[in-house]
Amino acid sequence: MVFSALSLLQEGILQTKKACPVNFEFLNYTIITSRCKGPKFPPESCCSALKDFACPYVEQINDLTNECSSTMFSYINLYGKYPPGLFASECREGKLGLACPALAPSASENASGSQQLISNLLMLVMATAIATAILL
Numbered sequence: 002m003v004f005s006a007l008s009l010l011q012e013g014i015l016q017t018k019k020a021c022p023v024n025f026e027f028l029n030y031t032i033i034t035s036r037c038k039g040p041k042f043p044p045e046s047c048c049s050a051l052k053d054f055a056c057p058y059v060e061q062i063n064d065l066t067n068e069c070s071s072t073m074f075s076y077i078n079l080y081g082k083y084p085p086g087l088f089a090s091e092c093r094e095g096k097l098g099l100a101c102p103a104l105a106p107s108a109s110e111n112a113s114g115s116q117q118l119i120s121n122l123l124m125l126v127m128a129t130a131i132a133t134a135i136l137l
């Protein structure tokens with residue numbers, strides 16, 4: 002049983018991911034960098050800024066078959082120069098992820114609930130922090 006779970010995990014890690022349909026390179030990151038500032042990085046300001054920036058792209062970020070999550074966080078960390086693991090350690094709203102408010106019906110054709118979750122956001126941030134720590 003452990004072997005098969007490990008195999009599935011390795012299979013998922015080794016699969017090639019699609020390019021992200023959102024061009025995160027040219028987005029405006031001042032929504033985060035203007036509100037999430039050191040040296041203290043207040044969790045309320047940082048987490049609300051992260052949600053304001055990321056929630057419009059919740060469907061793309063949660064799609065584990067593409068590179069959106071890692072690309073987005075690469076640019077957030079590039080422009081904000083944040084310490085590794087900042088968002089993973091500070092931004093928690095439960096075990097399922099960060100809650101995003103519902104989009105207006107015109108913004109999302111399949112908005113069926115009052116909230117969507119950025120479910121793999123914390124997992125990705127933690128993995129990035131761990132990888133960064135290992136490389137240092």
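2 is the number of the first residue of the sequence shown in our numbering; add one for each residue after it.
Even glycine gets a Cβ: it sits at the ideal position worked out from N, Cα and C.
Just so we're clear, the structure is a prediction, and the values are computed from it rather than from any experiment.
Handout entry: Cβ distance (whole Å) where Lys52 is taken to contact Leu99 below 8 Å
Key = Taking the sequence shown and counting its residues from 1, the one referred to as residue 52 is at position 51. Taking the sequence shown and counting its residues from 1, the one referred to as residue 99 is at position 98. Correct: roughly 6 Å between the Cβ atoms.
Problem - N-terminal and C-terminal residue of the alpha helix (DSSP H) that Pro85 is part of - result: The count along the sequence shown starts at 1 and reaches residue 85 at position 84. Counting along the chain, Pro85 falls outside any alpha helix (DSSP H), and DSSP gives it neither H nor E.
Handout entry: Range of the contiguous alpha helix (DSSP H) that encloses Ala50
Key = The residue you call residue 50 lines up with position 49 of the sequence shown. Boundaries of the alpha helix (DSSP H) around Ala50: Pro44 to Ala55.
Exercise for the section: Go ahead and pull the three-state DSSP assignment for Leu99. Expected result: Sequence index remark: in the sequence shown, residue 99 carries index 98 (1-based). Three-state DSSP puts Leu99 in a strand.
Exercise for the section: Measure the beta-carbon distance from Thr17 to Gly81 and round it to whole angstroms, keeping in mind my assumption that it falls under 8 Å. Expected result: On the sequence shown, residue 17 is found 16 positions in, with the first residue counted as 1. On the sequence shown, residue 81 is found 80 positions in, with the first residue counted as 1. That pair is no contact at about 29 Å.
Problem - Span of the alpha helix (DSSP H), counted from its first residue to its last, around Phe23 - result: By 1-based counting over the sequence shown, the position of residue 23 is 22. It should be noted that the sequence gives Val, not Phe, for residue 23. In this chain, Val23 is not harboured by any alpha helix (DSSP H), its DSSP state being neither H nor E.
Practice task
Taking 8 Å as the cut-off, decide whether the C-beta atoms of Glu91 and Cys47 are in contact.
Solution key: Here residue 91 is taken as the residue at index 90 of the sequence shown, counted from 1. Here residue 47 is taken as the residue at index 46 of the sequence shown, counted from 1. Between Glu91 and Cys47, the C-beta gap is smaller than 8 Å, which places the two residues in contact.
Exercise for the section: Would you give the residue range spanned by the alpha helix (DSSP H) that Ser70 belongs to? Expected result: Residue 70 sits at position 69 when you count from the first residue of the sequence shown. That run of the alpha helix (DSSP H) goes Cys69 to Gly81.
Problem - Burial state of Leu79, where buried means 16 or more other Cβ atoms lie within 10 Å - result: Your numbering for residue 79 matches position 78 in the sequence shown. A residue is called buried when at least 16 other Cβ atoms come within 10 angstroms of its Cβ; Leu79 does not meet this threshold and is exposed.
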